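Novice: Residues 45 to 335 in this note's numbering are what the sequence shown spells out, letter by letter.
Cβ atoms here follow ideal geometry from the backbone N, Cα and C, with glycine treated the same way.
Every value quoted in this text rests on a predicted model; they were computed, and no experiment measured them.
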Amino acid sequence: MMNSDQITEAYFDRILLKSRLIDSDIPDMTVNILGETFETPIMTAALSHLHTVTPNGMEKMASAAKRAGAVYFAGMTEDDEIERIQATGAKVVSIIKPHEKNEEIIRQIKHSKEIGVFAVGCDIDHMYNWEGGYDVVCGYPMKSKTMEDMRELVEAAGDTPFVVKGVLSVEDAVKCVEIGAKALIISHHHGIQPSSVPPLLVLPEIKAAVGDRIQIIVDCGIRNGVDAFKALALGADAVCIGRPLMGPLKEGEEEGAYNAIMKISNELKALTARTGYHKVTDIDDKCLVIL
Ligand SMILES: Cc1cc2nc3c(=O)[nH]c(=O)nc-3n(C[C@H](O)[C@H](O)[C@H](O)COP(=O)(O)O)c2cc1C
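Here it is, written out as structure tokens:
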């Protein structure tokens, strides 16, 4: 049986592209994410523990994203770590774990706001273990969240945009709209659940259900600008890249991560040109053929 990453990868390869070259030109790559302008829809995924990849790995990845004009998503952090990340000057979205106690998530939201992060959020898919109970992540107990819990988190975020990570169904996507989240991330968290539907397979039905009421971000298995193009064509506003940036970070530090983000962004730019779109935000499904 294929694992969720393999299923996702296989689905990318079922999506093929036409070209439209006459009247095409180099496109405008600017995007609006959560109310601010960025130079590319390529963003770093919410990774944690990058200090195990290289010393100060989280800060180096954040600096790389800043240089690329990209949004930086931070995964699980301690207070001092998110402070050091924010000090790089990157546009940081702090994705907090679904801690058992909402008070702990709210505490982290308030701390993130105090230090000036761009947006906050919570992942909703990393709370169960495979023994039928709740998971403990790095010593912290996790728990599923009710709609009431989620509304409390959005309220705590106040005027700072709130992002929900780990959506893989129309039902959860609609709930994200109902609680007032500003963006959702379609993701299976690198295969946290077996036989997960590929994010790009569920993306069109989520887009049809939520429309423009919430921004849609996709992660999992996006390896290059071609994969990113397919996600944007099926309705995503932006994409996150996780594991493909870790090798470059290890080998080339901040410069390596920066080059990897730029490579993917430039591949997307080239493909946007070849498919005849003058703006990356104009990409739609007209050039796709799904086998
Ligand atoms: C080392 C590592 C740490 C991660 N930490 C977090 C985390 O703290 N919070 C979270 O929501 N997702 C976390 N993720 C999941 C990523 O954000 C992302 O969903 C996943 O890696 C899929 O994207 P990819 O295929 O581009 O790697 C982590 C992934 C990796 C590889």
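Throw me the rounded Cβ distance for the I229 and G202 pair, which I believe falls under 8 angstroms.
Specialist: Contact flag wrong, Cβ pair sits at about 21 angstroms.
Novice: Name the two residues that bound the continuous alpha helix (DSSP H) containing C220.
Specialist: Where C220 is concerned, the enclosing alpha helix (DSSP H) stretches over V214 to I223.
Novice: Within the same chain, show all residues whose beta-carbon is closer than 7 angstroms to that of H322, passing over the 5 residues directly before and after it, in chain order.
Specialist: So the list reads D69, P71 and D72, once near-sequence residues are dropped.
Novice: Put N76 into one of helix, strand or coil per three-state DSSP.
Specialist: Reduced to three states, the DSSP call for N76 is strand.
Novice: Following a CB-centred definition, is P288 positioned closer than 8 angstroms to any heavy atom of ligand 1?
Specialist: Yes; taking the cut-off as 8 angstroms, the Cβ of P288 has a heavy atom of ligand 1 nearer than that.
Novice: Given the structure, does I59 come close to ligand 1, in the sense that its CB is under 8 angstroms from one of the ligand's heavy atoms?
Specialist: Incorrect: I59 has no Cβ contact closer than 8 angstroms to ligand 1.
Novice: In whole angstroms, give me the CA-to-CA distance for D179 and K135.
Specialist: Each residue's Cα considered, the two are about 30 angstroms apart.
Novice: Comparing alpha-carbon positions, which option in H93, H233, V208 and H232 lies nearest E222?
Specialist: Here the closest residue by C-alpha is V208.
Novice: I think L60 touches L335, with their Cβ atoms under 8 angstroms apart; what is that distance to the nearest whole Å?
Specialist: Rounded, the Cβ-Cβ distance is 7 angstroms, consistent with contact.
Novice: As a quick exercise: from C220, T84, G255 and V214, pick the residue whose alpha carbon is nearest that of A374.
Specialist: What is shown of the chain runs 45 to 335, which leaves residue 374 out entirely.
Novice: So is the beta-carbon of K274 under 8 angstroms away from any non-hydrogen atom of ligand 1?
Specialist: Flag unset: Cβ of K274 not near ligand 1.
Novice: What separation, rounded to the nearest whole angstrom, lies between the Cα atoms of G286 and K154?
Specialist: The straight-line gap from Cα to Cα measures roughly 26 angstroms.
Novice: For P85, which three-state DSSP category applies?
Specialist: Three-state result, P85: coil.
Novice: So, helix, strand or coil for A304, using DSSP?
Specialist: A304 falls in the helix class under three-state DSSP.
Novice: Just to confirm my understanding: we take L67, look at its own chain, exclude 5 residues before and 5 after, and list those with CB closer than 8 angstroms. What are they?
Specialist: A small correction: the amino acid at residue 67 is Asp; Leu does not occupy that position in the sequence shown. Within the same chain, D67 has close Cβ partners G320.
Novice: Taking the continuous alpha helix (DSSP H) assigned at L61, which residues delimit it?
Specialist: Here L61 belongs to no alpha helix (DSSP H); instead the beta strand (DSSP E) covers I59 to L61.
Novice: Closer than 8 angstroms: is that where the CB of L94 sits relative to any heavy atom of ligand 1?
Specialist: It does: the Cβ of L94 is within 8 angstroms (strictly closer) of some heavy atom of ligand 1.
Novice: Here's a check: name, in chain order, each residue in its chain whose Cβ is nearer than 7 angstroms to the Cβ of R336, leaving out the five neighbours to either side.
Specialist: One cannot answer for residue 336 here, as it falls past the ends of the chain, which runs 45 to 335.
Novice: Can you name the residues that DSSP bridges to F117?
Specialist: V137, per the DSSP bridge assignment.
Novice: Name the two residues that bound the continuous alpha helix (DSSP H) containing G101.
Specialist: Counting along the chain, the alpha helix (DSSP H) containing G101 begins and ends at G101 to A112.
Novice: How many angstroms separate the CA atom of A112 from the CA atom of A280?
Specialist: Roughly 20 angstroms separates the two Cα atoms.
Novice: Roughly how many whole angstroms lie between the Cα atoms of D326 and I149?
Specialist: Looking at the two C-alpha atoms, the distance is approximately 36 angstroms.
Novice: With a threshold of 8 angstroms (Cβ to nearest heavy atom), would L247 be considered close to ligand 1?
Specialist: False, no ligand heavy atom lies under 8 angstroms from that Cβ.
Novice: To the nearest angstrom, how far is it from the Cα of I261 to the Cα of G160?
Specialist: Approximately 22 angstroms between the Cα atoms of the pair.
Novice: Going by other Cβ atoms of all chains shown within 10 Å of its Cβ, with 16 needed for buried, is E158 buried or exposed?
Specialist: So E158 counts as exposed.
Novice: For A90, is the beta carbon positioned less than 8 angstroms from some heavy atom of ligand 1?
Specialist: Yes, since a heavy atom of ligand 1 falls inside the 8 angstroms radius drawn around the Cβ of A90.
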